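Participant:
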Amino acid sequence: MTSDRVFNRTTIVFLAIVLAAALLVPASNLLLPPGSPLHVPDYMMPLLGKYLCYALLAVSVDLIWGYAGILSLGHGAFFALGGYAMGMYLMRQIGTRGVYANPVLPDFMVFLNWKELPWYWWGFDHFPFAALMVVLAPGLLAFVFGWLAFRSRVTGVYLSIITQAMTYALLLAFFRNDMGFGGNNGLTDFKDILGFPVQAPGTRAALFAASALALALGLLACRAIVTSKLGKVLVAIRDAESRTRFIGYRVEHYKLFVWVVSAVLAGIAGALYVPQVGIINPSEFAPANSIETVIWVAVGGRGTLVGAALGALTVNAGKTWFTGVLPELWLFALGALFVVVTLFLPKGILGTFLEAWGFRRKRPAPEIIDEDGVASKPAAAE
Amino acid sequence: MVPRPEYPVRPVALLIAFVLGVLLLAPAVARADAYTDALARFAADSFSETEAAIDGVAASGHPLAADVVGAVREGRLMVRAADKAVFIRDPDGSFRDAGTGSPAAVQGADLKPVRLNNRVRRAVEAAMGTLTLRSPDRARRAAAAAAVFKSRDASALPALEAALAAETDPAIRRQMQEARAAILLTRPEATPDQRAEAITVLRARGDQEAVAVLRNLPADAPPAIRAMAGDAITAIENRIALLRNVQNVVYGISLGSVLLLSAIGLAVTFGVMGVINMAHGEMVMLGAYTTFVVQEVIRSHAPWLFDSSLFIALPLAFLVAGAVGVLIERSVIRFLYGRPLETLLATWGISLILQQAVRTVFGANNREVGNPGWMSGSFDLLGLTLTWNRLVIIVFALVVFAALLVSLKRTALGLQIRAVTQNRRMAGAMGIRTDWVDALTFGLGSGIAGIAGVALSQIDNVSPNLGQGYIIDSFLVVVFGGVGNLWGTLVGAMSIGIANKLLEPFAGAVLGKIILLVAIILFIQKRPRGLFALKGRFVEG
């Protein structure tokens, strides 16, 4: 399933599609007349852009879950932190066009009677600083969290639970008005990004193309990591952590590296997501969101990267369709998806497809080994 | 024959009887006189006379006094211009003679109401306060004493002292003494002795309001009195601080028992079986909805059973949640043993399905689950106010804990569960049906969650999202306490509950919770296997 080259066939095909979409979709939206059958309507642009951001988030989750065996139930936290960093930049761009027309403070701070801008808002007037924070904020949190967790060998389910507790704590924290991030309402009512109006079709097209590009680059970066020697060690850690440690690898360093990379990718996805949906609020930290991300990966195929992106696109497109047509049934469908995929499609759509496709290269199925390095009985469904 | 006296009763006796009679009747007569005199002043049609009349009526202690003052307040006290007679017009339109209370047939047209201005209204309010101090109704007397304590109105002092002399109920006597102390303390002409006594009384009351009164001691009071008041304030504040800490601990135990209830079923499925059941919260929810259904049926078919509705709901909730648990285990989880992360995802999916199913059947809104009579209300314990339902839940959580402990340690099923937990293959080799034991263990854990739902329905909103609120906390309790150790779950739940409540006054509810979450995350770094880690060959890693 994992080829040794960065550009294996699946990756090439997927990258070609994504890059083509980055060019063709905006072009169709901007150049074709609304009546044309190939025209992508305006409302679709941010929707599709949002899917691409989710796809990048899913790739970042697959990098750690599929290749290092770290199941994070709190990756939404890194996504949201990146989103907040971008949201803060966009808030500063509003300037005096807010409801209170305050030149120094964002609207919600005027509303809450804040007197001056808190120090952690300094610098967000400048895009390069905000872009740096998009990377640094999730990266630092991931570094501190991962350094503590991996050093003390918190693994498996325990790690999943504390990542969930982490995003839950952040959810509660960002709900507080005293935090200075807009509390319950979050950050919204954006006007400009880099001097271009956020709502304008041209900006939306550019944001879509940027998201597609970010997805392509993120996917390539992850491919580069997993096909390198480091990637082999990661897989070894996933399959038998104790054994890898006994051989002499510093397991925690490898895990920490890939964990931070994954968090940064999630942060970038969040930063691209915010200007397209026009709002960031604490509900992005909700543990349920992070778990949903994991199911995109599982649907697409854990440990395939491209599959994770595909899973995110498929599930979200399905969600949009379902919630429009049969809103009451969506949660049933999502819930059933969780159960069916874990029971009957442990390799996901792409994994199963590739297995069927590549029947010529008959390889022995690898023994399933859990996080604690103990070989387990093969499950009945496999 | 000696002639017998002519008169049947001796003159001396007669005289004594007369004197006694006069003595006995005199106050009543005098009271009646003061009352009629005061009543007559209403006819003068001047505000100052009306005020005097109100004071007079209130001071007379006549049984009709309260009626008259009340009538003045509502403009229902009428004066007949022709003969200055005073009548009360009752709300139904009939008239009574204010002097005797007997119904009177008078023409409304002949009557003029007694007029009011703000001074008169004040007099009316003061008089009502005084009159209620002597009211036959216990609750009204208590309320009046509390009102005087709050207002510290010196003009109420005479009435208060009169009421105090007549009061027999010790609790109300104490309240009246406190009110009197509050007046005396702040009154400029009070003697140091009176003030000292007042401070003692207030110190015994010992709450925030007493401190407020003590702070109002006039600045010109003698230093000794001021020092005494200062001591009293310190003593009261220390007591209040201590009490608050005790209260926080008690509330913490209460919160801890809620956590224990929601986590204890998880301690079985996660701790004993190693299965991550993200649908655990939904089992709690199912238990709460079972209670709702039971109460609905009782309401419509057998209202007299309402007080025992929870006892009926308990076994049903256990069966419903337990059955759903067994179903989940048989249909999904058994295929995923040894793959904890996949189990986590599959049960999360199940939890979504269960939530949506409940939402479809019962609607998305909160459902009302009533408190039975014996669980509502509260009681005081050494100055702590505890609601009955909190206490019941603390006791209930401990009972469930004990029952689970006994069933794991002392029953055949418990023995088999422990055997399978410790060495599945060996247990199987000994003839234990390990897959049955798995299903029953899972059913047991789920059923306990259902029981927890019955209890939580009493203090939380019953909605499809009920379980979501508990799942993260429950997992943290189990992980914090140590997986596979029921005592660890107990200690974990109580420590988290108490720590949460002790943090709240300093940090606020939300920040306190965040601090706690971060603390637990850090704690797990230090001891990845929890407080009471299992040791032995079945612990991997």
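Chain order of the listed sequences is S and G.
Be aware that the first sequence starts at 1, since it is given in the numbering used here, and climbs by one per residue.
Be aware that the second sequence starts at 1001, since it is given in the numbering used here, and climbs by one per residue.
Quick reminder that beta carbons are idealized off the backbone N, C-alpha and C, glycines included.
Model, not experiment: these values are computed from the prediction.
Name the residue from G:Ala1182, G:Gly1482 and G:Val1297 whose alpha carbon lies nearest to the alpha carbon of G:Ala1154.
Facilitator: Considering only alpha carbons, the answer is G:Ala1182.
Participant: On the three-state DSSP scale, how would you describe S:Phe124?
Facilitator: coil
Participant: Tell me the start and end of each unbroken alpha helix (DSSP H) in the region 1184 to 1232 of chain G that is at least 4 residues and wholly inside, in chain order.
Facilitator: 1192 to 1205 and 1208 to 1215
Participant: Starting from G:Pro1113, trace the alpha helix (DSSP H) in both directions and tell me its first and last residue.
Facilitator: Careful: G:Pro1113 lies outside any alpha helix (DSSP H), inside the beta strand (DSSP E) at Leu1111 to Pro1113.
Participant: What are the residues in the region 287 to 304 of chain S lying within 7 Å of chain G by C-beta distance?
Facilitator: Pro287, Ile291, Val294, Ile295 and Ala298
Participant: CB-CB under 7 Å to S:Trp259, same chain, minus the five flanking residues each way: which ones, in chain order?
Facilitator: Ile64, Ile70, Ala142 and Gly146
Participant: Please work out which residues of its chain come closer than 8 Å, Cβ to Cβ, to G:Leu1305, disregarding the five sequence neighbours upstream and downstream, and give them in chain order.
Facilitator: Ile1298 and Ile1312
Participant: Any heavy atom of the ligand FAD closer than 7 Å to the CB of G:Gly1484?
Facilitator: Within the structure as shown, the ligand FAD is missing, as the structure has no ligands at all.
Participant: Output needed for G:Glu1167: all residues of its chain with C-beta closer than 8 Å, excluding positions within five of it in sequence on either side, in chain order.
Facilitator: Arg1141, Arg1173 and Met1176
Participant: State whether the region 95 to 106 of chain S contacts the region 132 to 139 of chain S, with contact taken as three or more CB pairs (one from each stretch) at a distance under 8 Å.
Facilitator: At 8 Å Cβ cutoff, the stretches do not touch.
Participant: I need the boundaries of the alpha helix (DSSP H) containing G:Leu1391, first residue and last residue.
Facilitator: That run of the alpha helix (DSSP H) goes Trp1388 to Arg1410.
Participant: Three-state secondary structure (DSSP) at S:Ser376?
Facilitator: Low local confidence applies: a pLDDT of 44 at S:Ser376 is under 50, so the model's placement there is unreliable, and no value is given.
Participant: What's the call for S:Asp4, buried or exposed, on a 16-neighbour Cβ count within 10 Å?
Facilitator: exposed
Participant: For S:Ile291, report the span of its alpha helix (DSSP H) as first-last.
Facilitator: Pro287 to Gly300
Participant: Taking the DSSP output, what are the residues bridged to G:Leu1384?
Facilitator: G:Leu1381
Participant: Going by DSSP, name the residue or residues bridged to G:Phe1087.
Facilitator: G:Met1078 and G:Asp1097
Participant: I need the DSSP call for S:Arg204, collapsed to helix, strand or coil.
Facilitator: Of the three classes helix, strand and coil, the one that applies to S:Arg204 here is helix, per DSSP.
Participant: Entirely within the region 63 to 114 of chain S and at least 4 residues each: give me those alpha helix (DSSP H) ranges in chain order.
Facilitator: Every alpha helix (DSSP H) stretch that sits fully inside the region 63 to 114 of chain S and reaches 4 residues is listed by chain position as 75 to 94 and 107 to 111.
Participant: What residue from G:Lys1409, G:Leu1310 and G:Val1483 has the CA that sits closest to G:Glu956's CA?
Facilitator: Residue 956 of chain G cannot be examined here, being either before or after the span of chain G that is shown, 1001 to 1541.
Participant: Indicate whether at least one CB of chain S lies closer than 8 Å to the CB of G:Thr1441.
Facilitator: no
Participant: Going by the DSSP bridge assignment, what does S:Pro26 pair with across the sheet?
Facilitator: DSSP, once it has assigned bridges, lists no residue as partnering S:Pro26.
Participant: Straight-line CA distance for G:Ala1241 to G:Gly1206?
Facilitator: 11 Å
Participant: Which residues, in order along the region 1359 to 1377 of chain G, keep a beta-carbon less than 9 Å from a beta-carbon of chain S?
Facilitator: Arg1359 and Thr1360: these are the residues of the region 1359 to 1377 of chain G whose beta carbon lies less than 9 Å from some beta carbon of chain S, given in chain order.
Participant: Do G:Thr1290 and G:Val1320 have their C-beta atoms within less than 8 Å of each other?
Facilitator: yes
Participant: Helix, strand or coil for G:Ala1105 per DSSP?
Facilitator: In this structure, DSSP gives G:Ala1105 a state outside helix and strand, which the three-state scheme calls coil.
Participant: Could you say which of S:Asp62, S:Ser28, S:Pro34 and S:Pro46 lies nearest to S:Leu265 if we only look at CA atoms?
Facilitator: Residue S:Asp62 is the option with its Cα nearest to S:Leu265.
Participant: Which ranges does the alpha helix (DSSP H) cover as unbroken runs of at least 4 residues, wholly within the region 139 to 200 of chain S, from first to last along the chain?
Facilitator: 156 to 175
Participant: For the region 1299 to 1361 of chain G, list the alpha helix (DSSP H) runs that are entirely contained and at least 4 residues long, ordered along the chain.
Facilitator: 1309 to 1331
Participant: So, helix, strand or coil for G:Arg1418, using DSSP?
Facilitator: helix
Participant: Taking all protein chains shown into account, decide if G:Ser1300 is buried (16 or more other Cβ within 10 angstroms of its Cβ) or exposed.
Facilitator: exposed
Participant: Going along the chain, which residues of the region 1408 to 1442 of chain G sit with their C-beta nearer than 8 Å to a C-beta in chain S?
Facilitator: none
Participant: Just to make sure I have the definition right: I need the residues of chain G whose C-beta is within less than 7 Å of the C-beta of S:Tyr168. Which are they?
Facilitator: Ile1472 and Leu1517
Participant: Give a yes or no on whether the minimum CB-CB distance between G:Ala1295 and chain S is below 8 Å.
Facilitator: One point to set straight first is that residue 1295 of chain G is Gln, not Ala, in the sequence displayed. Interface with chain S (8 Å Cβ-Cβ cutoff): G:Gln1295 is excluded.
Participant: Short of 6 Å in beta carbon distance, which residues of its chain neighbour S:Leu15, apart from the five on each side in sequence? Order them along the chain.
Facilitator: Closer than 6 Å at Cβ, skipping near neighbours: Ala216.
Participant: Spell out whether any CB of chain G is found under 8 Å from the CB atom of S:Leu19.
Facilitator: no
Participant: Mind checking if G:Asp1346 is an interface residue toward chain S, Cβ cutoff 8 Å exclusive?
Facilitator: The identity of residue 1346 of chain G in the sequence shown is Ala, whereas the question assumes Asp. Closer than 8 Å to some Cβ of chain S, the Cβ of G:Ala1346 qualifies, so yes.
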